[in-house]
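Participant:
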Amino acid sequence: MPGKNLSRDEAQQRASILAVDGYRVRLDVTSAPDRAADTFRSTTTVTFRCSRPGADTFLDLLAPAVRSVTLNGRALDPATAYDGARVHVDGLAAENVLTVEADCAYSRTGEGLHRFVDPVDGETYLYTHYEPADARRVFANFEQPDLKAPFTFTVTAPAAWDVWSNAPHGTVTAEDGARTWEFAPTEPISTYLTAVVAGPYHVARDHYRRELADGTALEIPLSAMCRKSLAPYFDADEILGVTKLGLDFFHEEFDYPYPFGKYDQAFVPEYNIGAMENPGCVTFKEEFVFRSKVTDAAYEARANVILHEMAHMWFGDLVTMRWWDDLWLKESFADFMGSYGLIGARTRYSSAWVTFANQRKAWAYRQDQFPTTHPITADIRDLEDAKLNFDGITYAKGASVLKQLVAYVGSEAFFEGARRYFKRHAFGNTELGDLLEVLEETSGRDLRAWAAAWLQTSGVNALTPQVTTDSEGRITELAVLQDGDVLRPHRIAVGLYDRDADGALVRTGRIELDVTGARTVVTEAAGLPRPALVLLNDDDLTYCKVRFDEESLETLRTGLGDIRDELARALTWSAVWNLTRDGLMPARDYVALVLRFAGREGNIGVLQSLHAQAKTAVDLYADPAWRGEGGRLLADGALRELREAVPGSDHQLAWARFLAQTAGGAEHLGLVRGLLAGSARIDGLEVDQDLRWSLWLALAASGQAADEELAAELAADNTASGKRHHTQCLAARPTAEAKAAAWSAVIDSDELPSALVEANTAGFSIPAQRDLTALYAAPYFKLLERVWAERTIEIAMRIVGGFFPIAQTDEQTLAEADAWLAGSPQAAPALRRLVLERRDDLARALRAQACDRA
Ligand SMILES: [Zn+2]
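All letters in the sequence shown, in the order written, are residues 3 to 856 by my numbering.
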């Protein structure tokens, strides 16, 4: 569709002549419960000024039909004004009123106004999701972040429903089985931040009050909602408790009163992402409402997201990036604040920085080593570029670099800079320079060179210790070697670790210093006894890959689990995983470390990453000749640790899930079946609904679940979640027919919501079934461009990523990927980027296999 992919140049051009005074948006969604109704009525009236009277412009709109277009009282013919993506208007006056009346489509892909019918009770639920540019699927608008305006929404919905939007509602008028909700005008916000949530949601209400410095009180009504059928599982008290701690904390740190009145948090079905920071009306994926036992890592992740979205009320909503190049200005900050806030707000998640070091950074390292990596401040030409930039660089690397910035300038200068930034740019738009300006003021440092090294270049440095000792075992020199395409200034701590009387590895020395250039001598270390372990980037101040000297590595082989400090241990796990990914440690050695020490890992989040990484090590990075044995070792280890774990503990549940993921042999599968049937028990392990599905997946993938059994499980759990699990189990069956059916369900129809696309691709792509899926590699590459052209970008991204033949870790598949890339220079850049990244994963797997074989 020409015009759908708005470019930065077009947005700049439009912003250079327009200023928007306000929108009035009327939506009529009374048709929503009627499944035969595909559309709803949408009417936008936008009032705006034009500095070049006589000029022309366009509104963005993706709608099946436009009924009327009226500019300054003049009716335009929709047939000529609307091209399917844009409403073109010409002859602008200095002051304009433009009304567009359209029929917009209910979404099944989570883009725009999503409609979901609950299989439990038949109720219909609606919510919107727009970022970066899907408000235009719901109402006509100038879809770019720097044309902010107040929005006034009016929504007509079925009488039994409640409706929420960014602003509080005023009058609600009942008429003809419907109610019309009039919302107050919002503060000036960007189009992608507007929101509507409507349906018979279950609601929990609360209230936040705070005395402000000027003697007045700030009152914030709070609410949290989810589908009615999830209400029994909804722990709103916990959610609202974290919310209040966060509001306290961010008010202290930011010194700018929450600007959007009330604070609603909606947990919504079939959500494509974790959450979205719509001012006053945050939306979350409803998987954060836990219907089965989850580990504390899941509660921590949810609390982190609550604080991340809350930080956006200031970073992103109050002050917004001008264009998507500076997406990091909100996402890196919010990502940083998620972890920082968990500690600072005194939530019970005191290991937030461990999670950050171990999991969040793993995402950044992976992304930053793709050939498609980019500077944190990116070059975003158009909306398709923008869509792919919600990535490990913009979020996790950006947040890591902010953590390094705090170490570099000090937290007081950092937060005072933030306070000035909010006051100076409230309700406005910013770029990198605006942030540097306030930080230079508060730190007294020239940050241009720092920004050039950290924000405007890409790639990750590796830091390696080089230790020489004298005949008495004292350090004569400890140097830090830095490599990478760009060498950067790093503020780091060097940890020196030795055994204590109990045999634990504990820190005996810590030296903080600035590392610059290719080699930096740690002068303070000279003369100290050579320690058993030298840990660079101790305390995780900077963003880098940590390497070890040979002696430290030897210490880790026998004693990684003896490191007492949780963060130091997590950093070490992260470092050995990077060694494995880089083909510097054989996959089987990594697996041996996990089997040896994971059972003692106290941090549940770290343990869960070890499980995922050990599985990847066997599936992709191990010599194919060793895969079978590696898989058996993992399953045996899982069973052993499951039996030894504390009954009822999170660790026990994690090992049970890991057993389900690795079970292959008769003994393991027999236990799996016994747990499902109730004939086998593990003391303290509750086999609840989600665990049951994990166990069924193990049986299905091994060809040991009958279709009738899976159907019976679905009948017992006829929910949205049950449907997803059942779909994945069917796709995971090891037969040619099952693979063909999963492939066809995704490729030959566009009926599936993204959750079911994912369930199919995940079940289809079981690595151990690579012989069955090999014949889909060639069709995959043939289909790519068609899929990209015909499907929405959310769905297309899932298909391109999910069906990539990564399990075929062989040279032939790599050659097929290269042939596609060489032969498709004209393919959309965003599509090429996705394929390049998956291709790089494959090439990395082949390098790691070579290391494991050697
Ligand atoms: Zn965010």
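Even glycine gets a Cβ: it sits at the ideal position worked out from N, Cα and C.
Could you tell me if the beta carbon of A850 falls within a distance shorter than 6 Å of some heavy atom in ligand 1?
Facilitator: No - ligand 1 has no heavy atom lying nearer than 6 Å to the Cβ of A850.
Participant: A313: beta carbon under 6 Å from a heavy atom of ligand 1?
Facilitator: Incorrect: A313 has no Cβ contact closer than 6 Å to ligand 1.
Participant: Would S334 and A401 qualify as a contact pair, given that the criterion is a beta-carbon distance under 7 Å?
Facilitator: Taking 7 Å as the Cβ cut-off, S334 and A401 qualify as a contacting pair.
Participant: In whole angstroms, what separates the C-alpha of E272 from that of V837?
Facilitator: Spanning the two alpha carbons is a distance of roughly 25 Å.
Participant: Between A780, E792 and A809, which lies nearest to D820 when the distance is taken from Cα to Cα?
Facilitator: D820 has its Cα closest to that of A780, out of A780, E792 and A809.
Participant: To which residues of the same chain is D551 closer than 7 Å at the C-beta, ignoring the five residues directly before and after it?
Facilitator: If we look at D551 and ignore the five residues flanking it on each side, its Cβ neighbours are P467, Q468, V469 and V536.
Participant: Is E133 near ligand 1, with its Cβ less than 6 Å from a heavy atom?
Facilitator: Flag unset: Cβ of E133 not near ligand 1.
Participant: Is I565 helix, strand or coil when you go by DSSP?
Facilitator: Correct three-state label for I565: strand.
Participant: Between A137 and E145, how many whole angstroms is the CB-CB distance? I'm expecting something under 8 Å.
Facilitator: Confirmed, about 6 Å.
Participant: Considering only the alpha carbon of each residue, which of L558, D625, K617 and L687 lies closest to S651?
Facilitator: If we check each option's Cα against that of S651, L687 comes out closest.
Participant: Let me know the secondary structure DSSP gives W316 once reduced to three states.
Facilitator: Coil.
Participant: Taking DSSP's pairing of strands, which residues face V689 in a bridge?
Facilitator: V689 is not bridged to any residue.
Participant: Thinking just about the alpha-carbon of each residue, which of T46, A57, N74 and R51 is nearest to the one in V68?
Facilitator: The shortest Cα separation from V68 among T46, A57, N74 and R51 belongs to T46.
Participant: Exposed or buried, which one is D387 when buried takes at least 16 other CB atoms within 10 Å?
Facilitator: The residue in question, D387, is buried, as its Cβ has 16 or more Cβ neighbours within 10 Å.
Participant: Roughly how many angstroms lie between the CA atoms of R849 and R590, to the nearest whole one?
Facilitator: Near 14 Å, if we compare the C-alpha coordinates of R590 and R849.
Participant: Would the region 102 to 111 count as touching the region 179 to 197 if we require 3 or more Cβ pairs under 8 Å?
Facilitator: Verdict: no, contact absent.
Participant: Compute every distance between the C-beta of A226 and the non-hydrogen atoms of ligand 1, then say whether any falls below 6 Å.
Facilitator: Flag unset: Cβ of A226 not near ligand 1.
Participant: What residue range does the alpha helix (DSSP H) around I494 cover?
Facilitator: It is not in any alpha helix (DSSP H) - I494 instead sits in the beta strand (DSSP E) that spans H492 to R501.
Participant: Check each candidate in L320, A135 and D216 and name the one with the smallest Cα separation from N431.
Facilitator: The candidate whose alpha carbon is nearest that of N431 is L320.
Participant: Bridge partners of H204, per DSSP?
Facilitator: In the DSSP output, where bridge partners are listed per residue, H204 has C228.
Participant: Whose C-alpha, out of G112, R26, R447 and I513, is nearest the C-alpha of E753?
Facilitator: Cα-wise, what sits closest to E753 is G112.
Participant: Does the Cβ-Cβ distance between I395 and D327 come in under 7 Å?
Facilitator: For I395 and D327, no; Cβs fall outside 7 Å.
Participant: Relative to the alpha-carbon of S445, which residue among F417, A464, D472 and N391 has its alpha-carbon at the smallest distance?
Facilitator: Looking at the Cα atoms, F417 is the closest of the given residues.
Participant: Between Y129, R368 and R304, which lies nearest to R583 when the distance is taken from Cα to Cα?
Facilitator: Answer by Cα proximity: R368.
Participant: With DSSP run on the structure shown, which of helix, strand or coil describes W325?
Facilitator: It is coil, neither helix nor strand.
Participant: With A899 and G666 assumed to form a contact (beta carbons below 8 Å), what rounded beta-carbon distance in angstroms separates them?
Facilitator: Residue 899 falls outside the range modelled here, since the chain spans only 3 to 856, and no answer is possible.
Participant: Measuring only the C-alpha atoms, how far is E839 from L823?
Facilitator: Going from the Cα of E839 to the Cα of L823 covers about 11 Å.
Participant: Compute every distance between the C-beta of A336 and the non-hydrogen atoms of ligand 1, then say whether any falls below 6 Å.
Facilitator: Yes, since a heavy atom of ligand 1 falls inside the 6 Å radius drawn around the Cβ of A336.
Participant: Nearest to G601 by alpha carbon, out of E553, A658 and A718?
Facilitator: Residue A658 is the option with its Cα nearest to G601.
Participant: Go ahead and pull the three-state DSSP assignment for G601.
Facilitator: Here G601 sits in helix by DSSP.
Participant: Below 6 Å, is the gap between the Cβ of E333 and the nearest heavy atom of ligand 1?
Facilitator: Answer for E333: yes, Cβ within range of ligand 1.
Participant: Spatial neighbours of V802 within its chain, please: C-beta separation below 8 Å, excluding the five flanking residues on both sides.
Facilitator: Hits under 8 Å: L786, V789, W790, L833, L836, V837 and R840.
Participant: Whose CA, out of D58, W330 and I191, lies closest to the CA of T154?
Facilitator: Of D58, W330 and I191, the residue nearest in Cα terms is I191.
Participant: Once DSSP output is grouped into helix, strand and coil, what is the label at T721?
Facilitator: DSSP places T721 in coil when its eight states are reduced to three.
Participant: Rounded to a whole number of angstroms, what is the C-alpha to C-alpha distance between V89 and V596?
Facilitator: So the two alpha carbons sit approximately 58 Å from each other.
Participant: What is the C-beta distance between R735 and G705, in whole angstroms, given that I count them as a contact (C-beta under 8 Å)?
Facilitator: Yes, R735 and G705 are in contact; Cβ-Cβ is about 6 Å, under 8 Å.
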